[in-house]
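Scroll down for the structure; my scribbles are underneath it.
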Amino acid sequence: MTVITLPRRRPRSRLARTEAKWGLIFIAPWIVGFLAFTLLPMTATFIFTFTNIALDQKVPLSFVGLSNYQTLVSDSDAWGSLGVTLRFAILALPINVLLPFGLALLLNSRHLKGSGLFRVLFFMPYVVPFVAGVLIWETMLNPADGWINEFLRVIGIAHPPDWLRDTTWVYPGLVFIGVWGIGGGTIVYLAGLKGIPTEYYDAARIDGAGYAGQLRHVTLPLLSPVIFYTLVLGVVEVLQYFLVPLVLNQGTGEPGGSTLFLNLYIYKNFFTYQNIAYGSTMAWFLFVITLAITLALFGTARRWVYYAGER
Amino acid sequence: MDRAETDVSSAAPPVRRLGLRTRLRSGPGVRRRSARNATQSFTITFITVIIVAAFLSPLLRSFTMSIKNPDQNAQVDGPLLPYTAASYTYNGREFDVYQVPFPDGTTRELALIRKGRSSSEFVDPKDASQTLITWQGQWRSLTPAYAFDPQWHNYADVWEQINYPRLLFNTLAIALIGTLGTIVSCTLVAYGFARFRFPGRNLLFVLVIATIFLPSTVVIIPEYFVFSKIGWVGTWLPLLVPAFFANAYDVFLLRQYLLTIPREMDEAAAIDGAGPVRTLVSVLIPQAWPVIIAVSVFHLVYSWNDFFTPLIYLSTNPDLVTLPVGLASFSGARIAANPGLIQAGTLMTMVIPIVLFLIFQRFFTRGIVITGVEK
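These protein sequence lines are chains E and Y, in that order.
If you use this note's numbering, the first sequence corresponds to residues 1 to 311, in order.
If you use this note's numbering, the second sequence corresponds to residues 1001 to 1375, in order.
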């Protein structure tokens, strides 16, 4: 092997070079995978947006400039599907972040007996195949004899909603279907709660803080990194949401287009209309939106996320 | 883990060494406080039981539906368990069974053979001689007899209709091969990041983490495009090959664990003349087995439950699809389908992930904790 000594850099020892060589050999699978399954496809998608590429190319392949983007700007279905996604996100995101938090507080309570068993039970549905979960919750939400409406009738609501066939109620219906995924977030929050030193609570109690005060001044700040992590992953997830409606009604967007999510519309363009170029344009549109929101969240993190190790 | 410790301290064994505390414990205020604690414990545990029952009630609903036939499932406000009006075959014809009261106070379940205005003729299904019994009274006032009538055959039916053995084999094979690839590739990559210094290591690791937050839509389209051009659509390859090139979650999990193993161990092995590969295999892997189990279970469950990838790559060949895809297409063609069969299939699809989770739940939750809390 020829030894190349780079200028302006301390010549590294032979040992260091061997170490670097081995390190790169070991991470090679990831580098190859990253190039082949992430970077290259992303670049390709980006190039596709300027072409008329299709799965079965009928017209000659050519660059079409910004015409896909022009189509996107004037495509009311695309903007409608973005609206659907955002509407659902506004409802689902706070629930997906706060419900596991509340459950973790409950499971972490020192008054709760048998919390180990409860943890297992609350976590178990997390491993249920997503398709199975959808099919089970669909029967729970059945307007005539689903248990949710049976329960609502028992507590005096005479005409409970037809969850999955109503353009408004379908969103809380979808939130119900997602509730079995609560276990993952709960476990993370629970671990965060266990990591808070009890001395902090003792100090807060001496200062006269009650349960709410301790939650507000000890738990929330110390758990803010976990909340942040859950929030960012939740945003990425909810912006890509489309699999549940795909299984529920084969991606028709029923009822009345209210479940035509942005990602569902992208996949329809791709797999149903086989329009790769336009599908790619919208995929990048979704990617940029996700990136923008994620970066904005990271921007706000400085103000409300507390990292104990910092400074 | 630390869970057990907090439990012990909250149970607060009496402290005899400190006179002050002993005196405080026996005071009336303490008794009142422990009574309040007991009430609180009861209330909170009770509320949690209610919540967990509601949370898991869909499983019960699914199970009861899975052992009913379409008629039993169609009954609005029908009983929870599968019941059907009992009937009895007499001389080649079906007759309804009623609960018939007799003057001596007994009630017998009899099949109504001949309906009359003021008296009817019955036969006792349990009576071998099948002599007709005449009963005085209006048969319309009788309540029909219900028989517990579970449709266990639903499970056998769906087993055949979705070709369960074939789908089970596909799902298992894809999950196991993918798990093998994930463990091998992720362990190597995690070892590289945890133990070797090389230029750009930190930047590359940030890149690994960043891919966790990347929406998959933006990469799936060209991937599908390329896989379809090289003829991989309709084969397992698009599901298996990427598993051999590591993924961010599992690399992160393994790296975090490897970092907790003292370096002195590998240095000792190096002094004994072991190369990097030998050190990994004989020093680190034997100590990292809890996290390797966690990654295996993660990937098995992930692969078992994955829906979209097998849907787009395997749907063209029904013999190659996995259980979730088979189940979805079975329930998708549900116009005249039988909800009992769909629920039976649903439960049969989730048995293995749930059993895996219950066996390995410790490793499973610890794995989630590492990825969730440490970054």
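No residue lacks a Cβ here, since even glycine has one placed at the ideal position from N, Cα and C.
Every value quoted in this text rests on a predicted model; they were computed, and no experiment measured them.
DSSP-derived helix/strand/coil call for residue i
| i | result |
| --- | --- |
| E/L112 | coil |
| Y/P1144 | strand |
| E/Y307 | coil |
| E/A54 | coil |
| E/Q250 | coil |
| Y/T1089 | strand |
| E/I31 | helix |
| Y/L1024 | Its pLDDT being 48, under 50, Y/L1024 is placed unreliably in this model, and the coordinates cannot settle the point. |
| Y/Y1083 | strand |
| E/T294 | helix |
| Y/R1108 | strand |
| E/P143 | coil |
| Y/W1152 | coil |
| Y/V1097 | strand |
| Y/W1135 | strand |
| E/F271 | helix |
| Y/F1196 | coil |
| Y/I1162 | coil |
| Y/F1307 | coil |
| Y/S1119 | strand |
| E/M1 | At E/M1 the pLDDT is 46, less than 50, meaning the model places this residue with poor confidence; the figure from the coordinates comes in the next sentence. Correct three-state label for E/M1: coil. |
8 Å CB neighbourhood of residue i in its chain, flanking five on each side removed
| i | result |
| --- | --- |
| E/L106 | L112 |
| E/L190 | A104, L107, N108 and R119 |
| E/L264 | S81, F242, P245, L246, G251 and G253 |
| Y/F1357 | V1297, V1301 and F1364 |
| E/A54 | Q274, N275, I276 and A277 |
| E/S62 | T51 and N52 |
Same chain only: Cβ atoms within 7 Å of residue i, ignoring 5 sequence neighbours per side
| i | result |
| --- | --- |
| E/I289 | L239 |
| E/T18 | none |
| E/F298 | none |
| Y/G1019 | For Y/G1019, the predicted model reports a pLDDT of 40, less than 50, meaning its position is unreliable; a value from the coordinates is still stated below. Nothing meets the Cβ criterion. |
| Y/N1069 | Q1151 and G1340 |
Among the options, the one whose alpha carbon lies nearest that of residue i
| i | options | result |
| --- | --- | --- |
| Y/A1147 | Y/S1087, Y/C1186, Y/F1198 and Y/V1206 | Y/S1087 |
| E/I27 | Y/L1311, Y/L1081, Y/R1197 and Y/P1318 | Y/R1197 |
| E/L82 | E/L286, E/T300, E/R302 and E/L295 | E/L286 |
| E/N117 | Y/I1113, Y/L1060, Y/I1174 and Y/T1045 | Sequence check: residue 117 of chain E is Leu here, not Asn. Considering only alpha carbons, the answer is Y/T1045. |
| Y/A1054 | E/G156, E/N52, E/R165 and E/W147 | E/W147 |
| E/P29 | Y/G1192, Y/S1228, Y/G1234 and Y/L1237 | Y/G1192 |
| Y/V1052 | E/S74, E/Y126, E/F122 and E/L220 | E/F122 |
| E/A301 | E/L40, E/L262 and E/T230 | E/T230 |
| Y/T1107 | Y/V1097, Y/R1114 and Y/G1116 | Y/V1097 |
| Y/N1338 | Y/F1095, Y/A1074, Y/K1229 and Y/I1312 | Y/A1074 |
Contact set for residue i: own chain, Cβ-Cβ below 6 Å, skip 5 residues either direction
| i | result |
| --- | --- |
| Y/L1314 | L1320 and V1321 |
| Y/D1266 | T1279 and V1283 |
| Y/G1181 | A1243 and F1244 |
| Y/Q1072 | P1082 |
| E/V235 | I293 |
| Y/P1324 | F1307 |
Residue environment, residue i, which counts as buried when at least 16 other CB atoms sit within 10 Å
| i | result |
| --- | --- |
| Y/T1022 | Residue placement at Y/T1022 is flagged as unreliable, the pLDDT there being 43, under the threshold of 50; a coordinate-derived value is accordingly withheld. |
| Y/I1368 | buried |
| E/L35 | exposed |
| Y/F1363 | buried |
| Y/N1091 | exposed |
| Y/N1317 | exposed |
| E/L15 | exposed |
| E/R303 | exposed |
| Y/A1288 | buried |
| E/K58 | exposed |
| E/W312 | The structure shown does not extend to residue 312 of chain E, since chain E is modelled only from 1 through 311, so no value can be given for it. |
| Y/L1259 | exposed |
| Y/T1134 | exposed |
| E/I206 | exposed |
| Y/N1202 | exposed |
| E/K268 | buried |
Q | Selection of the stretch 1273 to 1307 of chain Y by Cβ proximity to chain E, strictly under 7 Å | A | P1276, V1301, W1304, N1305 and F1307
Q | Contact residues within the stretch 1329 to 1351 of chain Y, judged by C-beta distance below 8 Å to chain E | A | S1331, G1332, P1339, I1342, Q1343, T1346, L1347, T1349 and M1350
Q) Listed from N- to C-terminal order along the chain, which residues in the stretch 269 to 285 of chain E have their beta-carbon within a distance smaller than 8 Å of any beta-carbon of chain Y? A) F270, F271, I276, G279, S280, A283 and W284
(Q) Can you pull out the residues from the stretch 1056 to 1075 of chain Y whose beta carbon lies closer than 7 Å to at least one beta carbon of chain E? (A) L1056, S1057, P1058, R1061, S1062 and M1065
Q. For the stretch 63 to 83 of chain E, which residues have a CB atom closer than 9 Å to at least one CB atom of chain Y, in sequence order?
A. none
Q. Using Cβ-Cβ distances below 7 Å, what residues of the stretch 89 to 113 of chain E are close to chain Y?
A. L106, S109, R110, H111, L112 and K113
Q. Quick one, which residues of the stretch 1212 to 1226 of chain Y are near chain E if we go by CB-CB under 9 Å, in chain order?
A. I1212, F1213, L1214, P1215, S1216, T1217, V1218, V1219, I1220, I1221, P1222, E1223, Y1224, F1225 and V1226
Q. Of all the residues that make up the stretch 1171 to 1199 of chain Y, which are near chain E by a beta-carbon distance shorter than 7 Å?
A. S1185, L1188, V1189, Y1191, G1192, F1193, F1196, R1197, F1198 and P1199
(Q) Against chain Y, which members of the stretch 171 to 194 of chain E pass a CB distance test of less than 7 Å? (A) G184, I187, V188, A191, G192 and K194
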